[in-house]
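Before any comments, here is the structure.
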Amino acid sequence: MRLSGVELRRVELPLVAPFRTSFGTETVRDVLLVRVVTGAAEGWGECVALADPLYSPEYVEGAADVLRRYLVPALLGAPRLTAAMVAGLLAPYKGHRMAKAALETAVLDAELRAAGRSFARELGAVRERVPCGVSVGIMDSVPELLDAVTGYLAEGYLRIKLKIEPGWDVEPVRAVRERFGDEVLLQVDANTAYTLADARQLGRLDPFGLLLIEQPLDEEDVLGHAELAARIATPVCLDESITSARTAAAAIRLGACAVINIKPGRVGGYLEARRIHDVAAAHGIPAWCGGMLETGLGRAANVALAALPGCTLPGDTSASGRYFATDLTEPFVLRDGHLAVPQGPGLGVDPLPGVLRETTKATDWISG
Ligand code: NPG
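Going letter by letter, the sequence shown gives residues 2 to 369 in my numbering.
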């Protein structure tokens with residue numbers, strides 16, 4: 002393939018409810034979409050960077066800037082291009098994995114659409130539908146949280162993840178266990194809000210039979226996670242610390258994680274995400290596909306990844322209605338706690354032209 006041009010498109014979708022984590026509250030999703038145009042087909046990628054650098058160093062304006070200035074020109078200059086070549090062509094530019102992931106995904110989508118192959122088949126999916134979890138934000142009160150969890154369980158979600166932070170950890174977990182029982186698959190996510198000095202407090206979660214505690218400590222504190230894992234019974238899962246297959250292998254070797262959350266949009270793309278999956282599977286470490294409040298475009302590829310054999314736990318791959326009143330694509334609908342894995346060429350979904358038009362704030366066309 003050869004790229005004839007790349008469009009950077011900013012869209013804004015209101016969330017159905019504010020989503021509060023230990024690092025901030027999201028009320029709208031300010032999304033950067035990448036559309037690549039080749040002679041054979043077009044392809045879409047969704048950048049998961051948030052508006053502000055509070056979850057990770059990347060942010061949406063920064064991602065747009067690095068794409069425009071460095072990453073897109075590096076691909077436009079290539080005489081021949083395949084998705085497998087993208088990471089190598091972009092490697093001279095350090096970091097910016099979210100921006101790189103969006104561009105590689107768009108190229109992969111174009112390549113697969115042209116070849117009539119799906120993401121699911123390309124990545125090695127072994128399931129046609131995937132079990133889904135839901136991530137529940139921090140609330141103002143326990144009754145409010147219990148109402149939210151009641152609603153999600155009624156919708157059929159098969160696993161509940163509670164966002165926690167110091168001051169909102171044992172109490173909400175106890176309340177959910179008391180109300181809904183021990184059978185509910187329950188896990189917590191701290192988004193780096195604790196330090197090793199909190200080990201005793203985190204140990205108070207031990208009696209509740211959680212599936213895992215996700216990223217309790219700073220993303221660079223891999224040894225701290227290993228130390229914590231030796232002190233608490235709840236399995237430690239890493240998210241922010243897992244930036245590549247190499248860091249995943251090191252974290253596993255150090256005993257820093259018993260479970261891995263794979264976020265394709267954060268690790269440089271689906272090809273690296275698959276390598277992380279393979280490293281985890283080779284070590285017998287359960288993996289699951291995380292989420293970053295993606296629209297239907299990003300969700301389609303995440304659901305394909307979640308269908309890989311090593312993704313043995315339900316992911317943060319919720320239905321469109323969990324996030325948006327109107328999604329960019331035909332909505333993903335929960336059936337029996339599962340989402341269907343798209344089977345069409347490429348992502349297997351397309352943006353709805355009307356919704357795309359109405360939600361677009363700006364576009365920028367870059368050509369060679
Ligand atoms: O369902 O897409 C989803 C959200 C899942 O909790 C979720 N994501 O830290 O994993 C996370 C968190 C997140 C959301 C992180 C938005 C960054 C942005």
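Note that the Cβ used here is the ideal one computed from N, Cα and C, for glycine as well.
Small disclaimer: the values here were computed from a predicted structure and weren't measured.
- As summarised for the region 267-330, the continuous beta strand (DSSP E) elements at least 3 residues long and confined to that stretch are 288-290, given in chain order.
- Residue side-chain check: residue 22 places its Cβ nearer than 7 Å to a non-hydrogen atom of the ligand NPG.
- Of the residues 163, 26, 42, 244, the one whose Cα lies closest to the Cα of residue 211 is 163.
- Around the beta carbon of residue 319, 16 or more other beta carbons sit within 10 angstroms, so the residue counts as buried.
- Contact between residue 32 and residue 73 fails: their C-beta atoms lie close to 17 Å from each other, not under 8 Å.
- Taking a cut-off of 8 Å for Cβ pairs, the region 136-156 and the region 11-30 touch, as three or more such pairs fall below it.
- A contact between stretches requires three or more CB pairs, one per stretch, nearer than 8 Å, and the region 59-67 fails this requirement with the region 116-130.
- Secondary structure note for residue 74: it is in no beta strand (DSSP E), and the uninterrupted alpha helix (DSSP H) holding it is 73-77.
- Under the three-state reduction of DSSP output, residue 21 falls in the strand class.
- With distances taken between CA atoms, residue 323 lies nearest to 157 out of 3, 157, 106, 200.
- Between the beta-carbon of residue 241 and that of residue 196 there is about 15 Å, and that puts the pair past the 8 Å contact cut.
- When beta bridges are read from the DSSP output, residue 164 appears opposite 190.
- Under the DSSP assignment, residue 253 falls in the alpha helix (DSSP H) whose first and last residues are 246-254.
- The region 66-86 makes no contact with the region 244-263: fewer than 3 CB pairs, one atom from each, lie closer than 8 Å.
- Distances taken from the Cβ of residue 294 to the heavy atoms of the ligand NPG include one shorter than 7 Å.
- Taking the Cα positions, residue 293 is about 17 Å away from residue 107.
- DSSP places residue 197 within a helical segment (H, G or I) once states are collapsed to three.
- Short of 8 Å from the beta carbon of residue 88, and not among the five residues preceding or following it, lie these beta carbons of its own chain, in chain order: 101, 105, 269, 270, 272, 273.
- A distance below 8 Å separates the beta carbons of residue 165 and residue 190.
- Of the residues assessed, residue 350 falls on the buried side of the cut-off, its CB having 16 or more other CB atoms within 10 angstroms.
- Taking 3 residues as the shortest admissible run, the region 66-126 contains no complete beta strand (DSSP E) segment at all.
- A distance of 8 Å or more separates the beta carbons of residue 243 and residue 286.
- Across the set 120, 167, 66, 5, the C-alpha of 66 shows the shortest separation from the C-alpha of residue 94.
- Under the three-state reduction of DSSP output, residue 257 falls in the coil class, being neither helix nor strand.
- Take the alpha-carbon of residue 325 and the one of residue 298: they are about 13 Å apart.
- Rounded to the nearest angstrom, the gap between the Cα atoms of residue 346 and residue 304 is 14 Å.
- Between residue 199 and the set 337, 218, 109, 42, the nearest pair of CA atoms involves 218.
- Boundaries of the alpha helix (DSSP H) around residue 359: 354-360.
- Each residue's CA atom was taken as its position, placing residue 266 and residue 234 some 30 Å apart.
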